[in-house]
Amino acid sequence: RIERRLDRISEQEAKLHAGIAENATDFEKVAKLDTELRELAAKQRMMIVISAVVAVLLIVGGGIWFASSGDDDKKDEAGNSSGGSGGGDKGDAKGGSGGNKPENVNGKLLYTVPKPELTDVTTLDGLWVTDQTFAKGSKDSVLGLDKDTGKEKWKIELDGQLCWSSKHATEDGKAAVVFQEAKIGKDGRYQPCSQVALLDLNAGKKVWQKSVKVGDEYVKFDEVTIGRGVVAAGGLDGGAAWKVDGGKELWKPDQTSECEDAGYAGGEALVAVRRCGSYDSPSYEIQKLDPASGKPLFSYEAPDGLEGVSIVSTNPVVIAIRAGDIRVSDFIALDDKGKMRSRIPAEKDKYTMDCDLAVEACKMIAVGNDSLYLPTAEHESQSEDYGRTNEIVAIDLATGKPKGQAEAGGRQVMAPLQMDGDNIIAYQESTFDQGGRVVSINPKTFKHTVHLKNPSSQVDLESNYRLSLSVEAVYADGRLYMGKTMLSERDSSSDQKEHLAVVFGAE
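Numbering (our numbering), first residue to last: 135 to 641.
Here it is in structure tokens:
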């Protein structure tokens, strides 16, 4: 497993080096590629450490193999975590409703959340907005902040470093996290991501904490989600699930099966990606699950020869598949019986959505109105003498064909954040002289209405929170919450101080 991951990292590293060389005069693009390269190098260092630890601790004697638990930290395979509310799922505390257009759209930087003290590249996954609290995942804790002032209301300490956080939260403000079973020691050894907890984001407390053993070993998880009253965690060791109410175990990995639940997507439904066969040549199956039993309501066999599968939306079910070296090669929409409705090719360099190697990690994408909303790649603006722009294209899930597009306009580049009823909430990136914007796009006319204009005085700060980086973002009640999902021990090469999160809004 480790060798396979290192091979993938080396391939990605070579491509990033090539990208930097090809875009040597495009300083913004080089900065983005350099950031991604540093994050990739950190993952590579982590995997090398893990392989060394395993090699040292692997003992062969009397025909019995003893191996250390090591670390299957999901970030080594999953890369950047998801940001925003990418799918079409509703009714959670992630921030899904942007609300009506505010009377005042001229925003300002309301507050920043300090970066924790770090010693290496660290996962800081998780961002939720409830009616009472702004919550953000940190190094080995989850912080609860006053939505108006940013002052810390509570802090939930975890046994070890945070590994993954659920994209969704329940309507009453409960979310799930996966974390390491103990703090990282002085030797720098990472602990297994074996602990799952349900957090009450309004009360600021841990509701329950669970783990699963198969034989004498704790199961290691790569990701976690929450949906239909169930917390479900999956990874290379398989999947397990618990009831939100009370934490009763519903299922755990089956060692006798040739398949395992690689991960789950939640929200309005619970959908599993099952991986079968060898790690070198796996096959994938997508199952919509009965949340009470874990039994499939339908199963769909994905095409052969894939590198991976991500779930974009659980209602309707839309998946992203990876064939070859393309991050997303196609999207497939399924009907209520698990039959393919349409297959939408994601032509290389045409779209800029981001679906990482995790099951529920797509961002800069939205599903609603029986449509898939994708941002196009940047191109030269036709209405300005200089600058770049793009569009958000609406693709009909019934036919797989485009049915309209919204133009960012001028020197703007935008991507979907989330759905707000029938409307698409999109974020327009800041430029060198203009702050970013949050806009609401009408799905029939494709005209957009500005909901928030960030100040030009903060463009240097805001540029560090582009959605294409290790960033997650949510627009809720007239405010834009943006948080880092990964940071290193040192600040970036820019003069800007790094923060865990920033919040923009109009007073």
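Every residue gets a Cβ at the ideal spot worked out from N, C-alpha and C, and that includes glycine.
Item                                                                                                                                                               : Value
Would a C-beta distance cut-off of 9 Å place residue 307 and residue 262 closer than the cut-off?                                                                  : yes
In the structure shown, what three-state DSSP assignment does residue 334 receive?                                                                                 : strand
How many angstroms separate the CA atom of residue 506 from the CA atom of residue 489?                                                                            : 14 Å
Quick check on the burial criterion: 16 or more other C-beta atoms within 10 angstroms. Buried or exposed for residue 328?                                         : buried
Within 10 angstroms of its Cβ, does residue 413 collect 16 or more other Cβ (buried), or is it exposed?                                                            : exposed
With H, G and I counted as helix, E and B as strand and the rest as coil, what does DSSP make of residue 280?                                                      : strand
Is the Cβ-Cβ distance between residue 596 and residue 555 less than 9 Å?                                                                                           : no
Just mark residue 206 as buried or exposed, buried being the case when its beta carbon has 16 or more other beta carbons within 10 Å.                              : Here the model assigns residue 206 a pLDDT of 35, short of 50, so the residue's position is not dependable, and the following value carries that caveat. Label assigned to residue 206: buried.
Tell me the DSSP bridge mates of residue 240?                                                                                                                      : 587
Are the CB atoms of residue 558 and residue 500 nearer to each other than 9 Å?                                                                                     : yes
So what does DSSP say about residue 603, is it helix, strand or coil?                                                                                              : coil
What residue range is occupied by the uninterrupted alpha helix (DSSP H) comprising residue 419?                                                                   : Premise fails: residue 419 lies in the beta strand (DSSP E), 416-423, not in any alpha helix (DSSP H).
Using 9 Å as the threshold, is the C-beta distance between residue 277 and residue 634 below it?                                                                   : yes
Quick check on residue 595: does DSSP put it in helix, strand or coil?                                                                                             : helix
Report yes if the CB atom of residue 275 is closer than 9 Å to the CB atom of residue 243, and no otherwise.                                                       : no
The beta strand (DSSP E) that contains residue 562, what's its start and end?                                                                                      : 557-562
By Cβ distance, which residues of its chain are closer than 7 Å to residue 587, with the 5 residues on each side in sequence left out?                             : 239, 240, 241, 569 and 571
Taking the alpha carbon of residue 372 as the reference point, which residue from 346, 381, 606 and 382 has its own alpha carbon closest?                          : 346
What are the start and end residues of each continuous beta strand (DSSP E) run of 3 or more residues lying completely inside the segment 484-513, in chain order? : 500-502 and 505-509
Do residue 452 and residue 460 have their beta-carbon atoms positioned less than 9 Å apart in this structure?                                                      : no
Would you report the Cα separation of residue 320 and residue 294, rounded to the nearest angstrom?                                                                : 14 Å
Measuring CA to CA, which of 465, 418, 260 and 316 is closest to residue 442?                                                                                      : 418
Quick check: residue 267 and residue 285, are their CB atoms within less than 9 Å of each other?                                                                   : no
Candidates 356, 623, 641 and 581: which alpha carbon is nearest residue 679's?                                                                                     : Because the chain is modelled from 135 through 641, residue 679 falls outside the range shown and cannot be assessed.
Which of helix, strand or coil does DSSP assign to residue 271?                                                                                                    : strand
Excluding sequence positions up to five away, which residues of its chain have a Cβ less than 8 Å from the Cβ of residue 208?                                      : Note that residue 208 has pLDDT 34, beneath the 50 cutoff, so the model's placement of it is unreliable and no number is given.
Could you give the DSSP three-state label for residue 398: helix, strand or coil?                                                                                  : strand
Since residue 548 contacts residue 576 with CB under 8 Å, what's their CB separation in whole angstroms?                                                           : Contact doesn't hold; Cβ gap of about 14 Å is too wide.
Less than 7 Å between C-beta atoms, sequence neighbours within five positions excluded: which residues of the same chain meet that for residue 265?                : none
Are residue 257 and residue 619 closer than 9 Å when you measure CB to CB?                                                                                         : yes
Could you name the residues that DSSP lists as bridge partners for residue 378?                                                                                    : Per DSSP, none; premise fails for residue 378.
Counting only beta-carbon separations shorter than 9 Å, does residue 417 have a partner in chain B?                                                                : As a matter of chain content, chain B is missing from the structure shown, which is built from one protein chain.
Using C-beta distances below 7 Å, list every residue in its chain close to residue 463, excluding the 5 sequence neighbours before and after it, in chain order.   : 455, 456, 457 and 480
By alpha-carbon positions, which one of 636, 359, 532 and 630 ends up nearest to residue 465?                                                                      : 532
By the three-class DSSP mapping on this structure, what secondary structure does residue 479 have?                                                                 : strand
Is residue 327 helix, strand or coil by DSSP?                                                                                                                      : coil
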